[in-house]
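Step one of this worksheet: look at the structure below.
Now the structure itself:
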């Protein structure tokens, strides 16, 4: 990822917009990364990965029955110690 100061970014905005089409550009202010410039395609890809939070009323009776019947994969037992009981 390319890193650039806010001042350099302002001076050559078009160049950094072109670079952001291929890789993220980190823009720093006062020596600290402040923002990231990414392509619209990358933004759309990330938005598609947003998670949706559902309430109990969003599930049908069939959904709830399927969840009640579901059993974890035996390999997941390796993570049991991470869940407080």
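Numbering (the numbering used here), first residue to last: 22 to 106.
From the three backbone atoms N, C-alpha and C, an ideal C-beta is built for every residue, glycine too.
Note that the coordinates shown come from a computational prediction; the quantities given were computed from them, not determined experimentally.
Indicate whether residue 48 and residue 74 have their beta-carbon atoms separated by less than 8 Å. Residue 48 places its beta carbon 8 Å or farther from that of residue 74.
Taking the beta strand (DSSP E) that residue 48 belongs to, which residues open and close that run? Residues 46-50.
With the cut-off set at 8 Å, would you say residue 9 and residue 59 are in Cβ contact? This structure does not reach residue 9, given that the chain is present from 22 up to 106, and the question cannot be answered.
Label residue 100 either buried or exposed according to how many other C-beta atoms from any shown protein chain fall within 10 Å of its C-beta, with 16 as the threshold for buried. When all chains shown are included, residue 100 counts as exposed.
Simplified DSSP state of residue 94, which is helix, strand or coil: Residue 94 carries a coil assignment under DSSP once its states are collapsed to helix, strand and coil.
What is the rounded straight-line gap between the Cα of residue 104 and the Cα of residue 98? Distance between the alpha carbons of residue 104 and residue 98 is about 11 Å.
Can you tell me whether residue 80 is buried or exposed, with buried defined as 16 or more other CB within 10 angstroms of its CB? Label assigned to residue 80: exposed.
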